[in-house]
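>
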Amino acid sequence: MAISLILIGLIGLILISFSIEEVRLSIIRGVLIFSLLVLGVTEILSLFSSLNYLNLLVWWSLIDLILIYFIIKKKSFNDYLSFKSRFKKTVNSFSRLEKFLIGFTMFILFGIFIQGAVYPTNNWDSMSYHMARIIHWIQNENLEHYRTTIYPQLTSAPFSEQMILTVNLLVGNDLFSNTVQLFYLIGLGITISIIAKQLGLNRFGQILSSFILICIPEVILLSSSTHNEIVLCFFMVMGIYFLIKTLKQQTAINFMVLGCCLGMATATKHTAYIYIAPFIAVWILLQLHKILFKKQKVIWISYVLLIGSFMIINAGHYSRNYQLTSNVFGSDEETTRYYVNEKHSVSMMISNVSRNLSNQFGVPKIAPISYRLTKKIHELINIDLNDPEITSHEYNVDPLATHENNGANIYHVILMLLSMVWIIFTIKKRDKRVVIYSMAIVLSFLLFCFYLKWQPWAKLHVPFFIFYSVVLAHFLIHTLKSKILLSLAVAGFMTYATLILLFNFSRPYLTFPPFTSEIKMTDDRYQKYFSRFFKYHTDFKVVNDLIALNNLKNIGLMYGKYGMEYQLFLNSYRNDVKPIHINSYKSCSNILVSGAVDCIVSTKNGHLIRYDGEVFYNVTKDNDGYLYLFLKK
-1 MAISLILIGL IGLILISFSI EEVRLSIIRG VLIFSLLVLG VTEILSLFSS LNYLNLLVWW
59 SLIDLILIYF IIKKKSFNDY LSFKSRFKKT VNSFSRLEKF LIGFTMFILF GIFIQGAVYP
119 TNNWDSMSYH MARIIHWIQN ENLEHYRTTI YPQLTSAPFS EQMILTVNLL VGNDLFSNTV
179 QLFYLIGLGI TISIIAKQLG LNRFGQILSS FILICIPEVI LLSSSTHNEI VLCFFMVMGI
239 YFLIKTLKQQ TAINFMVLGC CLGMATATKH TAYIYIAPFI AVWILLQLHK ILFKKQKVIW
299 ISYVLLIGSF MIINAGHYSR NYQLTSNVFG SDEETTRYYV NEKHSVSMMI SNVSRNLSNQ
359 FGVPKIAPIS YRLTKKIHEL INIDLNDPEI TSHEYNVDPL ATHENNGANI YHVILMLLSM
419 VWIIFTIKKR DKRVVIYSMA IVLSFLLFCF YLKWQPWAKL HVPFFIFYSV VLAHFLIHTL
479 KSKILLSLAV AGFMTYATLI LLFNFSRPYL TFPPFTSEIK MTDDRYQKYF SRFFKYHTDF
539 KVVNDLIALN NLKNIGLMYG KYGMEYQLFL NSYRNDVKPI HINSYKSCSN ILVSGAVDCI
599 VSTKNGHLIR YDGEVFYNVT KDNDGYLYLF LKK
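Those letters in the sequence shown? Residues -1 to 631, per the working numbering, in order.
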């Protein structure tokens, strides 16, 4: 299979950068370089409108040959063989609890892998833009902006989808789409463990940090999907590691790697700027302290490499957005008003903090209590619970939050709040590295609440839980001295994680409505794309079957601004069935329709559509009101 080419590339990069003294760092460095290559190859091929299967095959074959040459020349396998014997000794030295935590972590990871393979990606965001944009890129053979009504297809940061494109184009289908987030989750577990080491945690603390991270409910839910939060968190956590590392080792290479980590984070999701900003602010203050008070020499080339690597990584996406909107983020007045707070005050902060925290209590019986408590807080501070200046959606607390958009992390958040109180009251006894790190996380959350309007999506909070897993491990180790108490805490993580894995709303192992959708593992794969919105299935299937029956290639789309389209183009990785948006979002209305259409798919019913001097007649009038196909006579 062609997919083996990128696997060979990944393994080769890890072997080349392998150091027996820094095994975990070698792995994540290899993953970073691999990610940079994926981004670089897709961006270069896009420049020449050559982003297709054959060219990917050629590029990755060449990369593999080069890597194999250097592996043989460097004799990297010798290091691996030395590591193998050392690894056996390390494993034998693990305590029973350490082995158990690692074993359970592997169980969850394996469960996520099977889940992501059996179920296709099936959330609305993926159907409307995460996966849909990939089909446009493949059919256009470039990453350039195109005419569309679904604006996030254009302006949202592209890396996660570039990775999925590479995998899917080489495989020829979307069978492994969900494994991309899982792949970065494994890297994330490794990276958080070496941050724990940097913050003074022993081996057990490092293993516990990774275990706590893997058991975060929202992490489990996201890792079998094609959202991008886990990919984002890998680069941010690796960036935080190199922020710490550059304070200790002021080498040019460390600064450049830091720039690459931050650049890849922002190339994955724009909210990275908010999440990571407080960590960078703390880093700048510590660097200034070293320069001003410890007379540390400033190595300007290091900062040039940091900024330069960051800018190069984002150059392609920034330039495409700037050409479209004269803004590197692609923001316009409407999107800014939708996401960004329009006023700021103490009461606004209390409102957003309380509502964002309440998102984490979305479980039966507790969700209504959380809602009423939040409502009472808003009455006390005399602010509207749904103030449109600080709210993007009507406020609610989802009582069945077991899907990837809105997974409740109630067990983690309770322990987090307890740990914060503990740190405050014992701050003089705490390791200052852990205190500073904790403060940066809290500031990150406060900045998030300050800048962004309240949204109901708990997935947006997952970086805070991931960052905090190290602090939580530190807290549990220092407060639960008894093995029985620590085992009970671990059992809590395990129980919640297992339940979330089994009863994932969109991709359940055990179907149990209303706690899950009605979809089953044994259902037809096409049905599984509609697990959370099954009422759309029949209309899409009728339209999809007619497109295939009539051998239609150029599919005109007349959609609203956030409709699902991916389910119509599942086979477009290996054929030339092309989506062509006829109407468009206002910011891309100057981009011309990309060609003549053979038919029109519309979300609106009607007898006929006149377009481009031709008449298209509705052949699906009996559909249920969600999707219609119009054909020429």
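We treat Cβ as the ideally placed atom computed from N, Cα and C, and that holds for glycine.
If you check the beta carbons only, do H145 and L590 fall under 9 angstroms apart?
Taking the first residue of the sequence shown as position 1, residue 145 is located at position 147. Taking the first residue of the sequence shown as position 1, residue 590 is located at position 592. It is worth fixing the name first, because residue 145 is Arg in this sequence and not His. In contact: R145 and L590 (Cβ atoms closer than 9 angstroms).
> Could you check the C-alpha separation between H535 and M347 for me, to the nearest Å?
Reading the sequence shown from its first residue, position 537 is the one you call residue 535. Reading the sequence shown from its first residue, position 349 is the one you call residue 347. Going from the Cα of H535 to the Cα of M347 covers about 42 angstroms.
> Taking 8 angstroms as the threshold, find out whether the segment 223 to 239 comes into contact with the segment 469 to 486 through three or more Cβ pairs.
The segment 223 to 239 vs the segment 469 to 486: no contact.
> Please specify which runs of the alpha helix (DSSP H), each continuous and at least 4 residues long, are wholly inside the segment 363 to 434, giving them in chain order.
Within the segment 363 to 434, the complete alpha helix (DSSP H) runs of at least 4 residues are 364 to 378 and 408 to 423.
> Taking the alpha-carbon of A456 as reference, which of L547, T400 and L445 has the nearest alpha-carbon?
By 1-based counting over the sequence shown, the position of residue 456 is 458. Of the candidates L547, T400 and L445, the one whose C-alpha sits nearest the C-alpha of A456 is T400.
> Counting Cβ pairs, one atom from each stretch, are 3 or more of them under 8 angstroms apart for the segment 274 to 284 and the segment 431 to 443?
Verdict: yes, contact present.
> Using 8 angstroms for Cβ pairs, my map puts Q358 next to N407. What's the rounded Cβ distance?
Reading the sequence shown from its first residue, position 360 is the one you call residue 358. Reading the sequence shown from its first residue, position 409 is the one you call residue 407. That belief holds up - the Cβ atoms of Q358 and N407 are roughly 5 angstroms apart, short of 8 angstroms.
> Measure how close the beta-carbons of N542 and Q525 come, nearest whole angstrom, since I'm counting them as under 8 angstroms.
Mapped onto the sequence shown, residue 542 falls at position 544. Mapped onto the sequence shown, residue 525 falls at position 527. That belief does not hold up - the Cβ atoms of N542 and Q525 are roughly 12 angstroms apart, past 8 angstroms.
> Roughly how many whole angstroms lie between the Cα atoms of F68 and T153?
Position 70 of the sequence shown, counted from the start, is the residue given in the question as residue 68. Position 155 of the sequence shown, counted from the start, is the residue given in the question as residue 153. Straight-line Cα distance between these residues: approximately 38 angstroms.
> According to the neighbour-count rule (16 or more other Cβ atoms, all chains shown, within 10 Å of its Cβ), is D596 buried or exposed?
Within the sequence shown, the letter at position 598 stands for residue 596. When all chains shown are included, D596 counts as buried.
> Suppose you measure from the CA of D62 to the CA of T389; what does that come to, to the nearest Å?
Here residue 62 refers to the residue found at position 64 of the sequence shown. Here residue 389 refers to the residue found at position 391 of the sequence shown. Near 49 angstroms, if we compare the C-alpha coordinates of T389 and D62.
> Can the beta-carbon of L43 be found closer than 9 angstroms to that of N50?
Here residue 43 refers to the residue found at position 45 of the sequence shown. Here residue 50 refers to the residue found at position 52 of the sequence shown. Yes, they are a contact pair.
> Along the chain, where does the alpha helix (DSSP H) containing M519 start, and where does it finish?
Residue 519 sits at position 521 when you count from the first residue of the sequence shown. That residue, M519, is in no alpha helix (DSSP H); it is neither H nor E in DSSP.
> Would you call the segment 234 to 249 and the segment 121 to 134 touching, i.e. three or more CB-CB distances under 8 angstroms?
No: fewer than three Cβ pairs fall under 8 angstroms.
> Quick check on DSSP: helix, strand or coil for R530?
Residue numbering aside, residue 530 sits at position 532 when the sequence shown is read from its first letter. Three-state DSSP puts R530 in coil, outside helix and strand.
> Quick one: grab the DSSP three-state call for G554.
Counting from 1 along the sequence shown, the entry for residue 554 is found at position 556. Here G554 sits in strand by DSSP.
> Indicate whether Q179 and V36 have their beta-carbon atoms separated by less than 9 angstroms.
Taking the sequence shown and counting its residues from 1, the one referred to as residue 179 is at position 181. Taking the sequence shown and counting its residues from 1, the one referred to as residue 36 is at position 38. No, the pair does not count as a contact, with Cβ atoms beyond the cut-off.
> Specify whether the segment 172 to 189 and the segment 607 to 620 touch according to this definition: at least 3 beta carbon pairs, one from each stretch, less than 8 angstroms apart.
No: fewer than three Cβ pairs fall under 8 angstroms.
> Start and end of the alpha helix (DSSP H) containing F501?
Counted from its first residue, the sequence shown places residue 501 at position 503. Where F501 is concerned, there is no enclosing alpha helix (DSSP H), given that its DSSP letter is neither H nor E.
> Are A265 and I305 close, meaning C-beta to C-beta below 9 angstroms?
Taking the sequence shown and counting its residues from 1, one reaches residue 265 at position 267. Taking the sequence shown and counting its residues from 1, one reaches residue 305 at position 307. Taking 9 angstroms as the Cβ cut-off, A265 and I305 do not qualify as a contacting pair.
> Chain D beta carbons: is any one of them nearer than 9 angstroms to that of I589?
Any reference to chain D falls outside this structure, which holds one protein chain only.
> Three or more beta-carbon pairs under 8 angstroms between the segment 455 to 471 and the segment 212 to 222, yes or no?
Yes, since at least three Cβ pairs between the segment 455 to 471 and the segment 212 to 222 fall closer than 8 angstroms, the two stretches touch.
> In its own chain, which residues sit with a C-beta less than 6 angstroms from the C-beta of M562, not counting the 5 before and 5 after it?
For the purposes of this step, residue 562 is taken as residue 564 along the sequence shown, with counting starting at 1. So the qualifying residues of the chain are M125 and S126.
> Given a threshold of 16 other Cβ atoms within 10 Å of its Cβ, counted over all protein chains shown, does E387 qualify as buried or as exposed?
Locating residue 387 in the sequence shown gives position 389, where the first residue counts as 1. Counting Cβ neighbours within 10 Å, E387 comes out exposed, since fewer than 16 surround it.
> Taking all protein chains shown into account, do 16 or more other C-beta atoms lie within 10 angstroms of the C-beta of P577, making it buried, or fewer, making it exposed?
Taking the sequence shown and counting its residues from 1, the one referred to as residue 577 is at position 579. It counts as buried.
> So, for P461: in the same chain, excluding its five sequence neighbours on each side, which residues have a beta-carbon less than 6 angstroms away from its beta-carbon?
Taking the sequence shown and counting its residues from 1, one reaches residue 461 at position 463. Answer for P461: C231 and Y273, listed in chain order.
> Which residues does DSSP list as the beta-bridge partners of I607?
Locating residue 607 in the sequence shown gives position 609, where the first residue counts as 1. Bridge partners of I607: F614.
> Of the residues Q151, L219, C259 and N120, which one's Cα is nearest the Cα of T189?
Numbered from its first residue, the sequence shown carries residue 189 at position 191. Selected option, being the one with the closest Cα: C259.
> Between K292 and T249, what straight-line distance do the alpha-carbon atoms span, to the nearest angstrom?
Here residue 292 refers to the residue found at position 294 when the sequence shown is read from its first residue. Here residue 249 refers to the residue found at position 251 when the sequence shown is read from its first residue. One C-alpha to the other measures close to 17 angstroms.
> From the DSSP output, in three-state form, read off F628 for me.
In the sequence shown, the residue the question calls residue 628 occupies position 630. In this structure, F628 counts as strand in the three-state DSSP scheme.
> For N548, does the count of other Cβ atoms within 10 angstroms reach 16, so buried, or fall short, so exposed?
If you number the sequence shown from 1, residue 548 lands on position 550. N548 should be labelled exposed.
> Tell me the DSSP secondary structure of W298 in three-state form.
As a first step, residue 298 is located in the sequence shown; it is residue number 300 there, counting from the start. W298: helix per DSSP, three-state reduction.
> Helix, strand or coil for H579 per DSSP?
Residue numbering aside, residue 579 sits at position 581 when the sequence shown is read from its first letter. DSSP places H579 in strand when its eight states are reduced to three.
> For my contact list, L99 and L206 are in at a C-beta cut-off of 8 angstroms; report their separation, rounded to the angstrom.
Here the question's residue 99 lines up with position 101 in the sequence shown. Here the question's residue 206 lines up with position 208 in the sequence shown. The Cβ separation is near 6 angstroms, so the contact holds.
> How is the beta strand (DSSP E) around C597 delimited, first residue to last?
Here residue 597 refers to the residue found at position 599 of the sequence shown. First-last of the beta strand (DSSP E) with C597: C597 to S600.
> Tell me where the alpha helix (DSSP H) around D537 begins and ends.
Here residue 537 refers to the residue found at position 539 when the sequence shown is read from its first residue. Counting along the chain, the alpha helix (DSSP H) containing D537 begins and ends at H535 to L547.
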